[in-house]
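Engineer: If you use our numbering, the sequence shown corresponds to residues 1 to 246, in order.
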Amino acid sequence: MSEKQHSNIETVSVYQVWDKPVRIFHWINLVLITALMFVGLIMLFKSELGISGLAAKIKLKELHIVIGYLFVINLLIRLLWGFIGSGYAKLSHMWPSFKSASDYRQALKAGQNPQYLGHNPLGKLAVSAIFALLIVLGATGLLRAGTDVFYPPFGAAVTEYIAADGVEPASLKPYDETGVNQQKVAQMKPYKSIIGKVHLYSAYLLMLVVLTHILGVIIAELKHQPGIISAMFSGKKRLKDKPVDE
């Protein structure tokens, strides 16, 4: 539905697009990802920053994990809302089409300026890539939380697997070989390494995609469809032309 605002110059239609759950997710996700990347970079460059010692290493990992739990909870709520929500909150509205993206680019090159209530086709590609990376990061992060510092949901299974015969799994401590079965630790190490690399490079790729997305939003705001940024605060878009995806 739209509300008409009349003036002597032009008619602007106001559309309610992004509901409150979508907007809340977006800004919480932004804060949590920023915090995770900040702590993650400290973990990667702790030696250069003068941070040393096992206790500091574990505390940084625990901080990263706690923020990661909040990130995963927020992401799961958004994914659930993508199925049970309505309108442009649905994940189906974010499904990308390479043909639509190509047609959109051709339209812009031809001097046309198609308007969209939801994400434009290029925006859909970026948002879908971001969501895919968020899911990969959440899953691999939970796995590494279990293997590194034995945190839920996989920590109990990891300690159960690597505990030596007769040793209580709950007594095992992170980065402490006391009471562990070295053979099982060695068997798990390659998988742990792969998960860690996927997590790390997915984070780097997410940084690149997010920067590209931000740049695209700024260009669209300035040249093609003003009000995209404000819509993620108000939930409303104001369009002069009929939207393509109404």
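Note that beta-carbon positions come from the ideal geometry of N, C-alpha and C, so glycine has one too.
(1) From the DSSP output, in three-state form, read off L49 for me.
(2) Give me the residue from A157, D176, N113 and G141 with the minimum Cα distance to E62.
(3) Alpha carbon to alpha carbon, how far is L91 from G85? Give it in angstroms, no decimals.
(4) Identify, in the order they occur along the chain, each residue of the same chain with its Cβ nearer than 6 angstroms to the Cβ of L206, setting aside the five sequence neighbours on each side.
(5) Say whether the segment 38-47 touches the segment 70-87, bearing in mind that this needs 3 or more beta-carbon pairs closer than 8 angstroms, one atom from each stretch.
(6) Buried or exposed: F71, going by 16 or more other Cβ atoms within 10 Å of its Cβ?
(7) For W81 and S128, what's the separation of their Cα atoms in angstroms?
(8) Among V14, D245 and V22, which residue has its Cα nearest to the Cα of F233?
(9) By Cβ distance below 6 angstroms, which residues in the same chain neighbour A107 in space, the five residues on each side in sequence not counted?
(10) Rounded to a whole number of angstroms, what is the C-alpha to C-alpha distance between F131 and K109?
(11) Confirm, please, whether the CB-CB distance from G235 to V14 is below 8 angstroms.
(12) Keeping to the same chain, check which residues put their C-beta closer than 7 angstroms to that of G179; ignore five residues upstream and five downstream.
(13) Measuring straight from C-alpha to C-alpha, what distance separates S202 and L137?
(14) How about M94 and K57: are their beta carbons less than 8 angstroms apart?
(15) Looking at the unbroken alpha helix (DSSP H) that takes in V39, where does it start and where does it end?
(16) Would you list the residues sitting across from V180 in a DSSP beta bridge?
(17) What would DSSP say about S97, mapped onto helix, strand or coil?
Structural biologist: The short version:
(1) For L49, the three-state secondary structure derived from DSSP is coil.
(2) G141
(3) 9 angstroms
(4) L133
(5) With a cut-off of 8 angstroms, the segment 70-87 and the segment 38-47 do not count as touching, because too few Cβ pairs lie within range.
(6) Residue environment: F71 is assigned as buried (16 or more neighbouring CB atoms within 10 Å of its CB, all protein chains considered).
(7) Across the structure, W81 and S128 are spaced so that their CA atoms are roughly 16 angstroms apart.
(8) V22
(9) P114
(10) 28 angstroms
(11) No. Outside cutoff.
(12) A163, A164, V167, S171 and L172
(13) Answer to the nearest angstrom: the Cα atoms are 7 angstroms apart.
(14) no
(15) K20 to L44
(16) A163
(17) The three-state reading of DSSP puts S97 in coil, since its state is none of H, G, I, E or B.
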